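Asks: Got a structure here, written out as structure tokens. Questions coming.
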Amino acid sequence: MRTPTNIQTIMQDGKPAFAVIPFDEYVRLFPEAHRIPEGDAIPHEVVGLTIKKGYTLVRAWREYLKLTQTEVAERMGITQAALSQMEAGRKRLRKATLEKLAAAMGIGVEQLR
């Protein structure tokens, strides 16, 4: 394990209260901690995939989370082909379907709308 050498200690009432480490080190130590924002926030990378590549939010989220169609489909109890159709975006997805998709990817339903 690498030991960080540039840690900043913030004191409060003469005692160490906080330790600040470089963001790259934080990401290395906690790789998944920053990937999925809470609430209805959508990461810049997901928005970028919808704009630059024309992906639906379903596909953009799946790729951002580095999941395959097969993995998500298995978590939902559907076929990979059915998920592929959902990702194509030709039909509006029902609320129940959005809830299953969100649960399968570990995100909030609001993040798929």
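So in the numbering used here, spot 102 of the sequence shown is number 102, and the numbers just go up one at a time. Even glycine gets a Cβ: it sits at the ideal position worked out from N, Cα and C. Treat the numbers as computed from the prediction; the structure is a model and nothing was measured.
What separation, rounded to the nearest whole angstrom, lies between the Cα atoms of Gly48 and Ile42?
Replies: So the alpha carbons of these two residues sit roughly 10 Å apart.
Asks: Is Gly39 near Glu99, with beta carbons less than 9 Å apart?
Replies: For Gly39 and Glu99, no; Cβs fall outside 9 Å.
Asks: Just curious, the beta strand (DSSP E) that Ala117 is in, first and last residue?
Replies: For the chain, the structure presents residues 1 to 113; residue 117 sits outside this window and is missing.
Asks: Go ahead and label Ile10 buried or exposed: buried means 16 or more other beta carbons lie within 10 angstroms of its beta carbon, across all protein chains shown.
Replies: Burial call: exposed.
Asks: Using three-state DSSP, classify Lys100 as helix, strand or coil.
Replies: Three-state result, Lys100: helix.
Asks: Can you name, in chain order, every residue of its own chain whose Cβ lies under 7 Å from the Cβ of Phe18, other than the five neighbours on each side?
Replies: These residues qualify, in order along the chain: Ile10.
Asks: Between which two residues does the alpha helix (DSSP H) carrying Val58 extend?
Replies: 57-64 is the span of the alpha helix (DSSP H), which, as asked, contains Val58.
Asks: Just verifying my parser: in three-state terms, what is the DSSP assignment at Lys91?
Replies: Residue state, collapsed to three classes: coil.
Asks: Is the CB-CB distance between Val20 and Gln12 below 9 Å?
Replies: Their beta carbons are not under 9 Å apart, which means Val20 does not touch Gln12 by this criterion.
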